[in-house]
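K.L.:
My structure is below; once you've seen it, I'll send some questions.
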Amino acid sequence: MDRDIIFEILDNSEYLPDLPENVSEILDLLKNPVELDIDILIEKVSQSGELNKLMLKNLNTGYFQLHKEIKSIKEAVIYLGMQTVQNLLIFFITLQLFPKTKEKKSRTFNMHHYWKHVLGTSVAGSMLSSRMKIGDKYKIFSYGLIHDIGIITLDTCLPDLIDEITEKLKNGVHQLVAERIAMGGITHADIGAWICRRWNIREDITNIVEFHHTPFAAKSNFEEVQLIYVADVISTEYYEKLLGLNLNHTISKKAMGNLGLTEDNLKEVIEEFPSELEKVAHYFSFY
Numbered sequence: 001m002d003r004d005i006i007f008e009i010l011d012n013s014e015y016l017p018d019l020p021e022n023v024s025e026i027l028d029l030l031k032n033p034v035e036l037d038i039d040i041l042i043e044k045v046s047q048s049g050e051l052n053k054l055m056l057k058n059l060n061t062g063y064f065q066l067h068k069e070i071k072s073i074k075e076a077v078i079y080l081g082m083q084t085v086q087n088l089l090i091f092f093i094t095l096q097l098f099p100k101t102k103e104k105k106s107r108t109f110n111m112h113h114y115w116k117h118v119l120g121t122s123v124a125g126s127m128l129s130s131r132m133k134i135g136d137k138y139k140i141f142s143y144g145l146i147h148d149i150g151i152i153t154l155d156t157c158l159p160d161l162i163d164e165i166t167e168k169l170k171n172g173v174h175q176l177v178a179e180r181i182a183m184g185g186i187t188h189a190d191i192g193a194w195i196c197r198r199w200n201i202r203e204d205i206t207n208i209v210e211f212h213h214t215p216f217a218a219k220s221n222f223e224e225v226q227l228i229y230v231a232d233v234i235s236t237e238y239y240e241k242l243l244g245l246n247l248n249h250t251i252s253k254k255a256m257g258n259l260g261l262t263e264d265n266l267k268e269v270i271e272e273f274p275s276e277l278e279k280v281a282h283y284f285s286f287y
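Numbering (UniProt numbering), first residue to last: 1 to 287.
Take a look at the structure:
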C-alpha cells in the first residue's frame, strides 16, 4: 500500500479518535512544561474523572515504590517529578482515546502479546537506566510506554494491514522490513510520529516515538533515545519468542559505546529481564 494512501486513510478513519476539548487542553498544557501551572493541570485532570482514576490506580500499584498512597496528581509530581507524570498522563490519555480493537475470529496480530513488548521496553529501559546511572528510571519507563503508539494507531484503524505485517513477521521477515514492504517504505515509528504531531504532543516524546529504531537520526534527547532503542531490541526478542520466533537482532556497538554499556552489562540485563517483566506486569493495569 502506498504511504500517502495510508496517511490519507488514517486521517479520514472513523476509528481515529478526535481529542475531546478537556484532553486537548491537557495536552496543550503539557506541551510547554517550563511554563506549566501545576494547579491548572491538576484541575483539568481532576475534571477528567476516568483519566485521574487510571493514573492514581497505576501509581499506587507498588511498582513506583512511593511508600505511601498517592491521592492526587500534585502528590505524584512531588514524588516522581513533573516530566514523568506528564509522560504517564499522555500514555493513559492514549489508552482512553483508542478503543479496544474488536477482535476478529482469526486475527494474526495479538495486542495482548504486544502489550507485553510495550511494557517490556519500559522495564528494560528502567533496568538499563538504573544499572548505567543514565537518566531517571521512572521517566525512561514512561517513555517506553509511549514509544509504540504507531502500532496502536495501526491496530485500531488498519487491523488487516497490521495482520499482514504480523504474518510476514511469523514467516521470518524482520518487523521493520515487513512494515516497509506493506506500507510503501514507512514503519510504525513514522505513523507514531504522525499521530504525536497531530495531537500536538511534546517534542521529546515525538522524538522517542519517531527514532527508537533509528537513534542516530534523533533530533534531541539523544541519550534517552539510544537507551530506549536498546531496551526495545531486548523486549522485541522476548516478544518474538512469544510468537515462536527466534530472529536475531543486533544492537549497535556505537549506541552501546555512547551509553557506556558493556557486553557483560547487556547480558546481565537480558538474563534478569523476563522475571522483572513478569513482576512489573503483575502491578500494571492498562484498562
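Beta carbons: idealized from backbone N, C-alpha and C, even for Gly. This one's a predicted model, so the numbers in the text were calculated from it and none came from an experiment.
Enumerated in chain order, which unbroken segments of the alpha helix (DSSP H) with a length of 4 residues or greater are wholly contained in the segment 108-174?
P.N.:
Segments of the alpha helix (DSSP H) lying fully in the segment 108-174: 111-132, 137-146, 149-157, 159-170.
K.L.:
Taking the beta carbon of Asp148 as the centre, do at least 16 other beta carbons fall within 10 Å, making it buried, or is it exposed?
P.N.:
Here residue 148 corresponds to residue number 148 of the sequence shown, with the count starting at 1. Buried, by the Cβ-count rule.
K.L.:
Among Ile228, Tyr79, Ile26, which residue has its Cα nearest to the Cα of Leu259?
P.N.:
Working through the sequence shown from its first residue, we reach residue 259 at position 259. Cα-wise, what sits closest to Leu259 is Ile228.
K.L.:
Would you mind sorting Pro17 into buried or exposed? The rule is 16 or more other CB atoms within 10 Å of its CB.
P.N.:
In the sequence shown, the residue the question calls residue 17 occupies position 17. Flag for Pro17 reads buried.
K.L.:
Comparing alpha-carbon positions, which option in Ser129, Asp11, Asn221, Phe284 lies nearest Arg202?
P.N.:
Counting from one through the sequence shown, the residue named residue 202 turns up at place 202. The shortest C-alpha separation from Arg202 is found at Asn221.
K.L.:
What three-state label does DSSP hand Phe273 in the structure shown?
P.N.:
Taking the first residue of the sequence shown as position 1, residue 273 is located at position 273. Here Phe273 sits in helix by DSSP.
K.L.:
Would you say the segment 119-133 touches the segment 258-278, given that touching needs at least three Cβ pairs under 8 Å?
P.N.:
The segment 119-133 is in contact with the segment 258-278.
K.L.:
Can you round the beta-carbon distance between Leu243 and Lys170 to whole angstroms, since I take them to be within the 8 Å contact cut?
P.N.:
Here residue 243 corresponds to residue number 243 of the sequence shown, with the count starting at 1. Here residue 170 corresponds to residue number 170 of the sequence shown, with the count starting at 1. Going by Cβ atoms, the distance from Leu243 to Lys170 rounds to 6 Å, so yes, they are a contact pair.
K.L.:
Can you say whether Asp11 is buried or exposed, counting buried as having 16 or more other CB atoms within 10 angstroms of its CB?
P.N.:
Residue 11 sits at position 11 when you count from the first residue of the sequence shown. When all chains shown are included, Asp11 counts as exposed.
K.L.:
Under DSSP, the alpha helix (DSSP H) around Lys68 begins and ends at which residues?
P.N.:
The sequence position of residue 68 within the sequence shown is 68, counting from 1. First-last for Lys68: undefined, no H or E at that position.
K.L.:
With Leu29 and Ile40 assumed to form a contact (beta carbons below 8 Å), what rounded beta-carbon distance in angstroms separates them?
P.N.:
Position 29 of the sequence shown holds residue 29. Position 40 of the sequence shown holds residue 40. The Cβ separation is near 6 Å, so the contact holds.
K.L.:
Which same chain residues end up closer than 6 Å to Leu145 when comparing Cβ atoms and leaving out the 5 residues on each side of it in sequence?
P.N.:
Taking the first residue of the sequence shown as position 1, residue 145 is located at position 145. Hits under 6 Å: Phe91, Ser122.
K.L.:
Hey, out of Tyr238, Asn32, Gln96, whose CA is closest to Glu50's CA?
P.N.:
Position 50 of the sequence shown, counted from the start, is the residue given in the question as residue 50. With distances taken between Cα atoms, Glu50 lies closest to Gln96.
K.L.:
Please classify Glu164 as buried or exposed, where buried requires at least 16 neighbouring CB atoms within 10 angstroms.
P.N.:
For the purposes of this step, residue 164 is identified with residue 164 of the sequence shown, where counting begins at 1. Answer is buried; the Cβ neighbour count reaches 16.
K.L.:
Taking 6 Å as the limit between beta carbons, can you name the residues of its chain near Leu277, skipping five residues before and five after?
P.N.:
Along the sequence shown, read from residue 1 onward, the residue named residue 277 stands at position 277. Only Gly120, Val123 meet the Cβ criterion.
K.L.:
If you pair each beta-carbon of the segment 172-185 with each one of the segment 196-210, do three or more pairs fall below 8 Å?
P.N.:
The segment 172-185 is not in contact with the segment 196-210.
K.L.:
Do Leu59 and Ile42 come within 8 Å of each other at the CB atom, strictly closer than that value?
P.N.:
Along the sequence shown, one-based indexing puts residue 42 at 42. Along the sequence shown, one-based indexing puts residue 59 at 59. Result no, Cβ atoms of Ile42 and Leu59 do not sit closer than 8 Å.
K.L.:
Taking the alpha-carbon positions, what's the Val280 to Leu66 distance?
P.N.:
Within the sequence shown, numbered from 1, the residue matching residue 280 stands at position 280. Within the sequence shown, numbered from 1, the residue matching residue 66 stands at position 66. The alpha-carbon atoms of Val280 and Leu66 are separated by roughly 15 Å.
K.L.:
Please classify Ser48: is it buried, with 16 or more other beta-carbons within 10 angstroms of its beta-carbon, or exposed?
P.N.:
As a first step, residue 48 must be located in the sequence shown, where it is residue number 48. Ser48 comes out buried.
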